[in-house]
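Below: one structure, written as C-alpha cells.
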Amino acid sequence: MAEKTQKSVKIAPGAVVCVESEIRGDVTIGPRTVIHPKARIIAEAGPIVIGEGNLIEEQALIINAHPDNITPDAEDSEPKPMIIGTNNVFEVGCYSQAMKMGDNNVIESKAYVGRNVILTSGCIIGACCNLNTFEVIPENTVIYGADCLRRVQTERPQVPEPLLKTRFSRASDFSQNTT
Numbered sequence: 332m333a334e335k336t337q338k339s340v341k342i343a344p345g346a347v348v349c350v351e352s353e354i355r356g357d358v359t360i361g362p363r364t365v366i367h368p369k370a371r372i373i374a375e376a377g378p379i380v381i382g383e384g385n386l387i388e389e390q391a392l393i394i395n396a397h398p399d400n401i402t403p404d405a406e407d408s409e410p411k412p413m414i415i416g417t418n419n420v421f422e423v424g425c426y427s428q429a430m431k432m433g434d435n436n437v438i439e440s441k442a443y444v445g446r447n448v449i450l451t452s453g454c455i456i457g458a459c460c461n462l463n464t465f466e467v468i469p470e471n472t473v474i475y476g477a478d479c480l481r482r483v484q485t486e487r488p489q490v491p492e493p494l495l496k497t498r499f500s501r502a503s504d505f506s507q508n509t510t
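In the numbering used here, the protein residues as written are 332 to 510.
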C-alpha cells in the first residue's frame with residue numbers, strides 16, 4: 332500500500348492506489364478514484380476527503396496544510412477538512428490546496444490552486460496557471476494562458492466515463508448475444 336504514517340487512511344472498494352504514491356494523515360479515498368505513482372496527498376492541518384471517480388496523476392500534490400500565518404500549535408487552530416467532489420482530474424505535477432472542490436473539474440499540468448480558492452463544478456485551471464486569490468470560481472469557468480485569462484464555457488463539460496467501468500460486470504454477461 333502507499334506510504335502511510337500513523338493517522339487513518341481509508342480506501343473505498345474499487346479505488347486504485349499505486350504503491351509508489353504517498354498518502355499522509357487522515358485521508359478518505361472514494362470508490363473508482365485512481366491515484367498514480369508519485370502522487371502525494373498530505374493531510375497535515377486536517378482531513379482530506381476525496382470523492383468518487385477522481386484521477387490523481389503522477390507528481391500531483393494535494394495538501395491540506397496550515398496557512399502561512401498560523402502555526403500548528405495555535406490554540407484556535409481547529410482542523411478544517413478539505414473536500415474534493417467527484418470526477419475531478421489532477422494532472423501531472425499540479426499543486427492543489429483548494430479546501431473545497433465540486434465535481435468535474437480539471438487542474439492541468441503544473442497549475443497551482445491556493446488554499447483560499449473554492450472551485451465549484453466544471454472548471455478548468457489551465458497548465459501552469461497560478462490561482463492564489465480569495466474567491467469562488469463560478470461554474471464552468473476556464474482559466475488559461477500565461478495571464479490566467481478567464482472564460483465561461485457555454486456548455487457543461489461532458490462527464491467522463493467512469494474510470495474503471497467495464498462493459499461486463501459479471502461472468503454471466505459474457506454469454507449474452509450482442510448481435
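A virtual CB, placed ideally from N, CA and C, is assigned to each residue, including glycine.
Report the three-state DSSP secondary structure of residue i (helix, strand or coil).
{"i": "Ala376", "result": "strand"}
{"i": "Met430", "result": "coil"}
{"i": "Asp357", "result": "strand"}
{"i": "Lys441", "result": "coil"}
{"i": "Lys496", "result": "Low per-residue confidence applies at Lys496: pLDDT is 47, beneath 50, and the placement is therefore not dependable, though the value from the model is reported in the following sentence. If DSSP states are grouped into helix, strand and coil, Lys496 belongs with coil."}
{"i": "Phe421", "result": "strand"}
{"i": "Thr464", "result": "coil"}
{"i": "Val350", "result": "coil"}
{"i": "Asn395", "result": "strand"}
To the nearest angstrom, report how far apart residue i and residue j are at their CA atoms.
{"i": "Leu462", "j": "Arg482", "result": "15 Å"}
{"i": "His397", "j": "Pro410", "result": "9 Å"}
{"i": "Asn370", "j": "Glu466", "result": "Checking the displayed sequence, the identity of residue 370 turns out to be Ala instead of Asn. So the two alpha carbons sit approximately 26 Å from each other."}
{"i": "Leu480", "j": "Asn418", "result": "24 Å"}
{"i": "Pro469", "j": "Tyr475", "result": "15 Å"}
{"i": "Asn435", "j": "Asn471", "result": "9 Å"}
{"i": "Asn395", "j": "Met413", "result": "6 Å"}
{"i": "Glu351", "j": "Pro368", "result": "5 Å"}
{"i": "Ala346", "j": "Glu388", "result": "14 Å"}
{"i": "Val444", "j": "Ser427", "result": "5 Å"}
{"i": "Lys341", "j": "Cys349", "result": "14 Å"}
{"i": "Leu494", "j": "Thr451", "result": "Caution applies to Leu494, whose pLDDT of 44 falls short of 50 and renders its modelled position unreliable; the model cannot decide the point."}
{"i": "Gly382", "j": "Val420", "result": "12 Å"}
Taking the alpha carbon of residue i as the point to measure from, which residue in the options has its own alpha carbon closest?
{"i": "Ile366", "options": "Ala374, Leu392, Asp357", "result": "Leu392"}
{"i": "Cys460", "options": "Gly453, Glu470, Ser427, Ala477", "result": "Ala477"}
{"i": "Ser339", "options": "Val350, Ile354, Val348", "result": "Ile354"}
{"i": "Gly433", "options": "Gly345, Asn447, Gly416", "result": "Gly416"}
{"i": "Gly453", "options": "Val437, Gly445, Asn447, Tyr443", "result": "Val437"}
{"i": "Gly361", "options": "Gly377, Ala343, Ala376, Glu375", "result": "Ala343"}
{"i": "Gln390", "options": "Asp399, Val423, Gly377, Ala376", "result": "Val423"}
{"i": "Lys431", "options": "Lys341, Gln484, Gly377", "result": "Gly377"}
{"i": "Leu386", "options": "Glu486, Cys425, Glu375", "result": "Cys425"}
{"i": "Asp399", "options": "Val420, Gln484, Arg446", "result": "Arg446"}
If contacts are defined as beta-carbon pairs under 8 Å, then residue i and residue j qualify, I think. What distance do you get, rounded to the angstrom?
{"i": "Ile455", "j": "Glu439", "result": "7 Å"}
{"i": "Lys441", "j": "Ala429", "result": "With a Cβ gap of about 16 Å, Lys441 and Ala429 do not count as contacting."}
{"i": "Thr364", "j": "Val380", "result": "With 8 Å as the limit, Thr364 and Val380 do not qualify as a contact, their Cβ atoms being about 11 Å apart."}
{"i": "Gly356", "j": "Ile373", "result": "6 Å"}
DSSP beta-bridge partners for residue i?
{"i": "Lys341", "result": "Thr359"}
{"i": "Arg371", "result": "Glu353, Leu392"}
{"i": "Thr472", "result": "Val483"}
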